[in-house]
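Visitor: Numbering (the numbering used here), first residue to last: 53 to 345.
We put the CB at the ideal spot given by N, CA and C, even for glycine.
Please read these numbers as outputs of a predicted model, since none were measured by experiment.
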Amino acid sequence: MKRLLLLIGIIMVAPLQAAADEREATATDLADLNAHQAVREGNHRLTEGYPTTALEAYQHAEALEPDAREIAFVEGLAHYDLKEFDKAREAFRKAAAFASDSLADDALYSLGTCDHAEALGNMDNPELALSLLENAMGRYHEVLARQPEHALASDANFKAASVWRELKQQLQQQPPQQQESRDQNQEQDSSDQEKEDQQPQQSEDEEQQDKQQQSQPSEQAEQQEEQEQSESAQQPEEQQQQQQQAQAQDQEQVSREQAQRKLREMMQALRDRKKMRRELVQKMPVTPVDKDW
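1) I need the straight-line Cα distance from Leu204 to Val195, nearest angstrom please.
2) Look at the Cβ atom of Glu127, then the Cβ atom of Glu114, and state whether they are nearer than 9 Å.
3) What would DSSP say about Tyr192, mapped onto helix, strand or coil?
4) Answer yes or no: do Glu93 and Ala109 have a C-beta to C-beta separation smaller than 9 Å?
5) Classify Lys135: buried if its beta carbon has 16 or more other beta carbons within 10 angstroms, exposed otherwise.
6) So the candidates are Asp167, Cys166, Phe144 and Leu129; which of them puts its Cα closest to the Cα of Asp157?
7) Taking only the alpha-carbon atoms, compute the straight-line gap between Asn187 and Gln299 and give it to the nearest angstrom.
8) Taking only three categories from DSSP, how would you classify Tyr405?
9) Is the distance from the Cβ of His168 to the Cβ of Ala208 below 9 Å?
10) Let me check understanding here. Comparing Cα to Cα, which of Phe210, Leu98, Ala130 and Ala147 lies closest to Arg121?
11) Report the CB separation of Leu182 from Trp216 in whole angstroms; it is logged as a contact under 8 Å.
12) Closest by CA to Cys166, which one among Leu219, Asp176, Ala212 and Phe150?
13) Count the other CB atoms within 10 Å of the CB of Met189; is the residue buried (16 or more) or exposed (fewer)?
14) On the CB-based measure, 16 or more other CB atoms within 10 Å of its CB, does Thr78 come out buried or exposed?
15) Rounded to whole angstroms, how far is the Cβ of Glu170 from the Cβ of Leu184, which I believe are closer than 8 Å?
16) Which of the three DSSP states, helix, strand or coil, is assigned to Met318?
17) Here's the rule: buried if 16 or more other CB atoms are within 10 angstroms of the residue's CB, otherwise exposed. What is Ser162?
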């Protein structure tokens, strides 16, 4: 293992002078490389921004040295760059397994950055983001308990805690707003239901009056009935028109108020989103590792 550590050397090296397409050498170009050479080639590719082909080099090195924790670690870096966080976690866990050295601390820190980065990508789901941030802070605390001077873990923990507090406040502010919206909707539904209930009752009263008037046998009663029927035919029509006008005015007023309230909510959400975006730019976690060993 000591021999392998010496062979791997410095992970962050100066870029190769060859053309960019040579950085994307296929797996067949790696066949003649030993583990040390394959890792160095993978480091070059990763530095140049080719994490996929860097993985090919690392996997070739892993096939030659399957138990090397250092190779698992750099594989985790490539998966992190590809946003393959589950695979990155698996590689970092292998690098940290059953060890308490600086590599293990860096691997634990990198496990935290996976949760941290995934949380920032799920800000539209505050509950999920909170859970991921709590996992990340747990990893950072574990590293700091073993290595208090680990600057990257300390800085990332502060950033994660800041975002966590903001999301927690956001969740605490949501229930009252949602309850107010539900109450307003219930009041509107109740008002509409009362109007609907009144209309059938009016129709029933009018029908009952018509029946009573029709039961009178005399000619005078029949004439009076005809007159009342004529008046009653006009009266519901006028009442209906008045009710329709009143309902139209009520609906217009409600629609105007709803539109104004919706506009205020959208403007406030836009201001909150811009504020959150500015703050998140300052709180983005650093890359998992920037270390030479």
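Guide: Based on what the coordinates show:
1) If you number the sequence shown from 1, residue 204 lands on position 152. If you number the sequence shown from 1, residue 195 lands on position 143. Cα to Cα, Leu204 sits roughly 10 Å from Val195.
2) As a first step, residue 127 must be located in the sequence shown, where it is residue number 75. As a first step, residue 114 must be located in the sequence shown, where it is residue number 62. Against a cut-off of 9 Å, the Cβ pair of Glu114 and Glu127 comes out as a contact.
3) For this step, residue 192 is matched to residue 140 along the sequence shown. Helix at Tyr192.
4) By one-based count along the sequence shown, residue 93 stands at place 41. By one-based count along the sequence shown, residue 109 stands at place 57. Cβ distance < 9 Å, so Glu93 and Ala109 count as in contact.
5) Residue 135 sits at position 83 when you count from the first residue of the sequence shown. The residue in question, Lys135, is exposed, as its Cβ has fewer than 16 Cβ neighbours within 10 Å.
6) Residue numbering aside, residue 157 sits at position 105 when the sequence shown is read from its first letter. Asp157 has its Cα closest to that of Phe144, out of Asp167, Cys166, Phe144 and Leu129.
7) Translated into positions along the sequence shown, residue 187 becomes position 135. Translated into positions along the sequence shown, residue 299 becomes position 247. Asn187 and Gln299: Cα-Cα distance of roughly 55 Å.
8) Since the displayed the chain opens at 53 and closes at 345, residue 405 lies outside it and no answer follows.
9) By one-based count along the sequence shown, residue 168 stands at place 116. By one-based count along the sequence shown, residue 208 stands at place 156. Yes.
10) Sequence index remark: in the sequence shown, residue 121 carries index 69 (1-based). Of the residues Phe210, Leu98, Ala130 and Ala147, the one whose Cα lies closest to the Cα of Arg121 is Ala147.
11) What you label residue 182 is simply residue 130 of the sequence shown in a count that begins at 1. What you label residue 216 is simply residue 164 of the sequence shown in a count that begins at 1. Going by Cβ atoms, the distance from Leu182 to Trp216 rounds to 6 Å, so yes, they are a contact pair.
12) Position 114 of the sequence shown holds residue 166. Cα-wise, what sits closest to Cys166 is Ala212.
13) Numbered from its first residue, the sequence shown carries residue 189 at position 137. Met189 is buried by the Cβ-count criterion.
14) Taking the sequence shown and counting its residues from 1, one reaches residue 78 at position 26. Because the pLDDT of Thr78 is 48, which lies under 50, any placement of that residue in the model is unreliable, and the number read from its coordinates should be weighed accordingly. With fewer than 16 other Cβ atoms within 10 Å, it is exposed.
15) Here the question's residue 170 lines up with position 118 in the sequence shown. Here the question's residue 184 lines up with position 132 in the sequence shown. Rounded, the Cβ-Cβ distance is 5 Å, consistent with contact.
16) By 1-based counting over the sequence shown, the position of residue 318 is 266. Helix at Met318.
17) Sequence index remark: in the sequence shown, residue 162 carries index 110 (1-based). It is buried - the Cβ of Ser162 has at least 16 other Cβ atoms within 10 Å.
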